[in-house]
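Start counting at 1 in the sequence shown, then tack on 2, and there's your number in the working numbering.
Every residue gets a Cβ at the ideal spot worked out from N, C-alpha and C, and that includes glycine.
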Amino acid sequence: MSLTVPTALLEKAQQGTVEDEEFVACIRDSLPYAWSMVERLAKELEASGASSAQNTEVPPDERSWGEVFRLVGSDSMRGAVQRHFGVKLAFQNCCRVGLFRPDATAEYEEFISPRAQLLNQKPELLNC
Numbered sequence: 003m004s005l006t007v008p009t010a011l012l013e014k015a016q017q018g019t020v021e022d023e024e025f026v027a028c029i030r031d032s033l034p035y036a037w038s039m040v041e042r043l044a045k046e047l048e049a050s051g052a053s054s055a056q057n058t059e060v061p062p063d064e065r066s067w068g069e070v071f072r073l074v075g076s077d078s079m080r081g082a083v084q085r086h087f088g089v090k091l092a093f094q095n096c097c098r099v100g101l102f103r104p105d106a107t108a109e110y111e112e113f114i115s116p117r118a119q120l121l122n123q124k125p126e127l128l129n130c
């Protein structure tokens, strides 16, 4: 299961629209490792003034890897997180997640290019 959904939120979803803030809170509470990684990158991006911030830390365990995969693999979760932090999120593998400022088009395009994906391959990341 991707998210642990509180009963009240599930009932609200069954009745109609759920607000982004409620969905984001569910993501944050359900995927604490993935959330903390994205939050850390968003803070780094804000503090640095750079066009992007990229994670290069290997998740500490299978559960953490799974959280990252679930977050970036879901269009709705990824979209909510992007709107929440005002960034574009990109994914190469569980240890290479990037946050990009909305105007960092060239940097984003390079990060998601086949060239960048190939250059990011390392034997120690075989099971990543």
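Original post:
Does DSSP classify A52 as helix, strand or coil?
Top reply: Residue mapping note: residue 52 aligns to position 50 of the sequence shown, counting from 1. If DSSP states are grouped into helix, strand and coil, A52 belongs with coil.
Original post:
Based on the DSSP secondary-structure assignment, which residues constitute the bridge partners of T68?
Top reply: Along the sequence shown, one-based indexing puts residue 68 at 66. In the sequence as displayed, the identity of residue 68 is Gly instead of Thr. In the DSSP output, where bridge partners are listed per residue, G68 has none listed.
Original post:
Which residue from E111, M39, P61 and R103 puts its Cα closest to that of E48?
Top reply: Taking the first residue of the sequence shown as position 1, residue 48 is located at position 46. Checking every option, the nearest Cα to that of E48 belongs to R103.
Original post:
Exposed or buried, which one is Q94 when buried takes at least 16 other CB atoms within 10 Å?
Top reply: Here residue 94 refers to the residue found at position 92 when the sequence shown is read from its first residue. Q94 comes out buried.
Original post:
From Q5 to A118, what distance separates their C-alpha atoms?
Top reply: Numbered from 1 along the sequence shown, position 3 holds the residue referred to as residue 5. Numbered from 1 along the sequence shown, position 116 holds the residue referred to as residue 118. It should be noted that the sequence gives Leu, not Gln, for residue 5. Near 31 Å, if we compare the C-alpha coordinates of A118 and L5.
Subject >> A92 burial status per 10 Å Cβ neighbour count (16 or more: buried) >> reply: Along the sequence shown, one-based indexing puts residue 92 at 90. Buried, since its Cβ has 16 or more Cβ neighbours within 10 Å.
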